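Chemist: Just passing along the structure, written as structure tokens.
Numbering (UniProt numbering), first residue to last: 1 to 266.
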């Protein structure tokens, strides 16, 4: 007589909490989630607006929760991560927003997913000028393997523009992202030169990812449910004097699109 089968226990979908900074990035994530199952929007007792949905096939859904940081900058990003980890106990956390390109191969409208975040702000001030000391946060092995699985599934990392904004194509790049408090708007900035000296494959710059990834490192040991972080940045400008806001929307939509494509690999 064969042994009876044990009843299948439904697994709880893994949770990914997404932090956005700019309103345009929050809108891009909202538009993406509204097309998914069990979409919900609500406000926490502390005042933050939260949106969430189940993304992916019914057999293997991912719960995606998104919330804006209270402000721009490293401190707000760090505090937001600590807050959401305590509320939702996510398996992964992600920052999805826009950034400036510092690599000629990375065009406006493209997307960069970080393999590391380089904090360029720590420095010693001397009579001869600042001596910068890079702090590098490498992606966790688990998250790194997921990104490699995504990239390996593509013959070429090219995406169709699903926003119908001119029908353009955009590319996904994988490399370092520099992050600090200073907004870079100079093509000859010493910050750009410093980042290239640390890692020649530094592709973009932003002002939140260092705080986000540093907070992850601080909390990961105390929160064993955390398995990794992702930083996904749509390129809105070239971090030079021509920097403006005209391409923020399409960059944010493309970043949200890449996150959506990544989720099945979790």
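We put the beta carbon where it would ideally sit given N, CA and C, even for glycine.
Bear in mind that the values here come from a model prediction, so they are computed numbers and not experimental data.
May I ask you to report which of helix, strand or coil DSSP gives residue 68?
Modeler: The answer is strand: DSSP assigns residue 68 an E or B state.
Chemist: Which of the three DSSP states, helix, strand or coil, is assigned to residue 106?
Modeler: Reduced to three states, the DSSP call for residue 106 is coil.
Chemist: Where does residue 149 sit, in a helix, a strand or coil, going by DSSP?
Modeler: In this structure, residue 149 counts as helix in the three-state DSSP scheme.
Chemist: Only counting runs of 3 or more residues, tell me where the beta strand (DSSP E) segments fall wholly within the region 197-264, in order along the chain.
Modeler: You should have 202-206, 228-237.
Chemist: Please classify residue 164: does DSSP put it in a helix, a strand, or coil?
Modeler: Residue placement at residue 164 cannot be trusted, given a pLDDT of 48 that sits under 50; the coordinates are not used to answer.
Chemist: Answer with buried or exposed for residue 47, where buried requires no fewer than 16 other C-beta atoms within 10 angstroms of its C-beta.
Modeler: Answer is exposed; the Cβ neighbour count stays below 16.
Chemist: By how many angstroms is the C-alpha of residue 19 removed from the C-alpha of residue 26?
Modeler: Each residue's alpha carbon lies about 8 angstroms from the other.
Chemist: Tell me whether residue 130 sits in a helix, a strand or coil according to DSSP, three-state version.
Modeler: It is a strand residue.
Chemist: Would you mind reading off the limits of the beta strand (DSSP E) that contains residue 179?
Modeler: Per DSSP, residue 179 belongs to the beta strand (DSSP E) from 169-179.
Chemist: Measuring straight from C-alpha to C-alpha, what distance separates residue 110 and residue 238?
Modeler: In a straight line, the C-alpha of residue 110 is about 11 angstroms away from that of residue 238.
Chemist: For residue 9, which residues from the same chain have a beta carbon less than 7 angstroms from its beta carbon, with the 5 sequence-adjacent residues on both sides left out?
Modeler: Only weak support exists for where residue 9 lies, its pLDDT of 47 falling under 50; the value from the coordinates is given anyway. Cβ neighbours of residue 9 beyond the five flanking positions: none.
Chemist: Could you say which of 91, 212, 119 lies nearest to residue 15 if we only look at CA atoms?
Modeler: Cα-wise, what sits closest to residue 15 is 91.
Chemist: Check residue 16 in the structure and name its three-state DSSP category.
Modeler: Correct three-state label for residue 16: strand.
Chemist: With 16 other CB atoms within 10 Å as the buried threshold, where does residue 246 fall?
Modeler: Result: exposed.
Chemist: If we call anything under 8 angstroms between Cβ atoms a contact, is residue 181 one with residue 121?
Modeler: Yes, these two residues count as a Cβ contact at 8 angstroms.
Chemist: Could you give the residue range of the alpha helix (DSSP H) that holds residue 86?
Modeler: Element bounds for residue 86: 74-88.
Chemist: Leaving out the 5 sequence neighbours to the left and right, which residues in its chain are closer than 6 angstroms to residue 187 when beta-carbon positions are compared?
Modeler: Same-chain partners within the cutoff: 240.
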